[in-house]
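Residue numbers for the sequence shown follow my numbering, so the first one is 1066 and each next one is one higher.
Working notes, structure below.
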Amino acid sequence: MNYFQIVSRFFGFLFLPLLLVLPVQAFENDAVPAYYRVFDVGSTGSLKIRAQAMAGGTIIGEYALAAGPIEILKIENGWGNVVAGDGNGWVNMAHLIEIPVPMVGQTSLPEGLLCSGTEPFWGFQLGSAEIVLSRMGEDDQTYSIIEADLFEGRTGPDGFVQAAGTSGMLFAIISARQCSDGMSDRAYGWWVNLLETSLNDTSAVNGCCSLSM
């Protein structure tokens, strides 16, 4: 049995209780992000992002016609909550149409999902076949995805990704649950627990994720 097989089996047993609990908590407390594009705002119009969920709310940004995919975190009274600047805003759902987005492996996790955390600062982008991990002051590390799937016996978008690189392995558990980066007023729709392991060291961090246009 090689190193990667040993590590995969060990951490599979170590984190099994955590994997079985976290998705339930997410579904009880949080909405599942969905993806839309702008339509029906006129050929030169735009969809305004407002600070309050009302037609007269303060404008804090805008989306151009056909912009997307726009990540909607939750919907209240016909208004969709989005990430905007260092916080969140609201858009009128009457001008949005839901669209499909490519998913990673057998999961319901969108390709291109950007995840990051603070103290220490790190980030990665979830591609269709690889994860590129960045850490402050270090060279980027590329990991090839060897498995990406949903949790057995459960429905919904929560999933896990296992990837291998030249120096070790990554295990990411990504759940649809509200998340804060601790540095801004921004709320995200995805939460990630990330485990990075090598022959000499193991590190575990958590953070938030979103899909940018």
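A virtual CB, placed ideally from N, CA and C, is assigned to each residue, including glycine.
Continuous beta strand (DSSP E) stretch holding residue i: start and end
i: G1272; result: T1267 to S1275
i: R1102; result: A1099 to V1103
Beta-carbon proximity list for residue i, same chain, < 6 Å, skipping 5 on both sides
i: L1138; result: P1098, N1146 and G1254
i: L1178; result: L1191, C1274 and L1276
Proximity below 8 Å, CB of residue i to CB of residue j
i: A1116; j: G1122; result: yes
i: T1297; j: M1248; result: Given a span of 1066 to 1278 for the chain in the structure shown, any question on residue 1297 remains unanswerable.
i: S1275; j: V1148; result: yes
i: I1140; j: M1158; result: yes
i: E1176; j: S1193; result: yes
i: G1126; j: G1152; result: no
i: A1252; j: Q1243; result: yes
Assigned secondary structure, residue i (DSSP; H/G/I helix, E/B strand, else coil)
i: E1217; result: coil
i: G1254; result: coil
i: S1240; result: strand
i: V1106; result: coil
i: G1230; result: coil
i: A1131; result: coil
i: F1092; result: With a pLDDT of 32 at F1092, under the threshold of 50, the modelled position of that residue is not reliable, and the figure given next carries that caveat. Helix.
i: S1263; result: coil
i: M1278; result: coil
i: T1207; result: strand
7 Å CB neighbourhood of residue i in its chain, flanking five on each side removed
i: G1110; result: L1130
i: D1214; result: G1170, Q1171, T1172, G1224 and F1225
Beta-carbon contacts of residue i that lie in its chain and below 8 Å, excluding the five residues immediately before and after
i: T1267; result: L1260 and E1261
3 or more residues per run - each beta strand (DSSP E) lying fully within the segment 1138-1190
1139-1141, 1144-1149, 1152-1157, 1161-1163 and 1178-1182
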